Amino acid sequence: MITIPLLAGSENAHQQFSMQLDNNYIDFVINYVSYLEQPAWTVDLYRDGTPLIYGAMLEPNANIIGGYQLGIGSMVFIGEEVTLDNLGIDNSLNWTP
């Protein structure tokens, strides 16, 4: 299992990074979406510049890529309900092959 690094706070409301996950080099774009009735965090995933997922919600205890046939394992978001200030503190995004 690998924990994907997530940063909290308004200064990190839009973050981008890349990680090697098994045989895949994945680009992450994480955004705080404040215009919803219930503000939330979303993630976009890219492999070799090709979009895999747009706007997957970071929901507690959910495999955020479980409904897709991507062949890159699973990413489960666990912990507390996400807020602007607790992303990666009271919750985590974990990848398993």
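Position 82 of the sequence shown, counted from 1, bears residue number 82 in UniProt numbering, the numbering being contiguous throughout. Heads up, the beta-carbon is just placed ideally off N, CA and C, and yes, glycines get one too. Bear in mind the structure is a predicted one, so any value in this text is a computation, not a measurement.
Short Cβ contact (7 Å threshold) for S74 with N61: no
In chain order, what residues of the same chain have a beta carbon less than 7 Å from the beta carbon of D90, not counting five sequence neighbours either side? G79, E80
Bridge partners for Q15 per DSSP, in chain order? I30
Mark Y68 as exposed unless 16 or more other C-beta atoms lie within 10 angstroms of its C-beta, in which case mark it buried. exposed
Under 7 Å, do L45 and I26 count as touching if we go by C-beta distance? yes
Short of 6 Å in beta carbon distance, which residues of its chain neighbour F17, apart from the five on each side in sequence? Order them along the chain. F28
Own chain residues within Cβ distance below 7 Å of N86, not counting five before or after: Sequence-distant partners of N86 (beyond 5 residues in either direction) whose C-beta falls short of 7 Å from its own C-beta, in its chain, are A8, E80.
Spatial distance of R47 from Q38 (CA atoms): 29 Å
Considering only the beta carbon of each residue, do M19 and T42 sit closer than 7 Å? no
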